[in-house]
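My numbering applies: residue 136 is where the sequence shown begins, and numbers increase by one. Quick reminder that beta carbons are idealized off the backbone N, C-alpha and C, glycines included. Accompanying notes for the structure given below.
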Amino acid sequence: MQYVLLLRGINLGKQNKVSMIVLKKQLIDLGFLDVVSYLNTGNILFKTDKGVQEIVDLISELFRTSYSFNIPFVVISSNEIMQDFKKLPNWWWNNNSYRRDALFYLRETNREIITEIIENQWDTNDLKFFIGETALFVISNSKEEYQSSLHSKKIMKSPFNKIVTLRNNNTFNNVIKLLIDKSNC
């Protein structure tokens with residue numbers, strides 16, 4: 136099965152450096168196949184017959200023993216991410232929008248937790264969003280809308296941003312393209 140590994144908080148400035156070349160080799164050494172990375176920000180695709188929990192355990196141990204800092208991550212099957220991709224609402228495809236972000240839930244988070252936060256803690260009148268199984272998809276049509284909306288006031292701030300890992304629309308679409316090119320999604 137094909138999987139996507141998304142890392143949070145690496146290679147930003149001079150902190151938390153992770154070489155994608157080294158990480159790819161480490162993942163291959165763990166038995167993962169067809170390992171491909173996109174950009175230097177922790178977007179890795181691979182194939183394996185292992186189950187998700189075994190994958191998570193292997194990667195957790197790898198990070199614990201190989202890096203001196205914590206690396207939050209999520210492993211998503213290609214089927215799961217493609218289901219969300221296929222369900223995206225029409226407004227997501229507005230190419231004139233100022234900003235489109237996919238905020239993938241880290242391992243300790245899920246759709247129910249995100250839904251509860253949004254319903255109980257946010258006034259969402261000024262926010263266009265779609266709560267998927269793997270990610271929260273958010274759009275801002277203009278810079279003004281972005282600056283005055285929950286997008287910048289809540290989503291991009293702690294503690295919410297600690298439970299997700301953000302990919303902008305371009306990165307998200309390129310990961311999807313890689314998945315389609317490498318599998319039968």
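Alpha-carbon spacing of residue i relative to residue j, whole angstroms
i: residue 150; j: residue 225; result: 38 Å
i: residue 273; j: residue 305; result: 14 Å
i: residue 137; j: residue 290; result: 29 Å
i: residue 247; j: residue 157; result: 35 Å
i: residue 214; j: residue 194; result: 20 Å
i: residue 250; j: residue 230; result: 26 Å
i: residue 181; j: residue 188; result: 15 Å
i: residue 228; j: residue 200; result: 41 Å
i: residue 311; j: residue 255; result: 32 Å
i: residue 159; j: residue 185; result: 17 Å
i: residue 202; j: residue 243; result: 21 Å
i: residue 154; j: residue 245; result: 29 Å
i: residue 179; j: residue 316; result: 14 Å
i: residue 278; j: residue 192; result: 41 Å
i: residue 323; j: residue 221; result: Here the chain has residues from 136 to 320 only, and residue 323 is not among them.
Rounded distance between the beta-carbons of residue j and residue i, thought under 8 Å
i: residue 145; j: residue 206; result: 6 Å
i: residue 216; j: residue 314; result: 7 Å
i: residue 173; j: residue 308; result: Wrong, their Cβ atoms sit about 11 Å apart, outside the cutoff.
Beta-carbon spacing of residue i, residue j below 7 Å
i: residue 300; j: residue 239; result: yes
i: residue 162; j: residue 170; result: yes
i: residue 241; j: residue 209; result: yes
i: residue 148; j: residue 219; result: no
i: residue 234; j: residue 281; result: yes
Close-in-space but distant-in-sequence residues of the same chain around residue i (CB under 6 Å, 5 per side omitted)
i: residue 232; result: 274 and 276
i: residue 211; result: 139 and 269
i: residue 302; result: 237
i: residue 318; result: 137 and 213
Close beta carbons around residue i, own chain, < 7 Å, minus the five adjacent residues each side
i: residue 223; result: 265 and 272
i: residue 152; result: 146
i: residue 197; result: 161 and 165
i: residue 204; result: 151
Close Cβ partners of residue i (< 8 Å) along its chain, the five nearest in sequence each way excluded
i: residue 183; result: 136, 138, 166, 167, 168 and 190
Heavy atom of the ligand HEM within 6 Å of residue i beta-carbon
i: residue 299; result: The model depicted lacks the ligand HEM and carries no ligand whatsoever.
>> Quick check for students: name the residue ranges of the alpha helix (DSSP H) that lie wholly in the region 151 to 238, counting only runs of 4 or more.
In response: 155 to 164, 187 to 201 and 213 to 222
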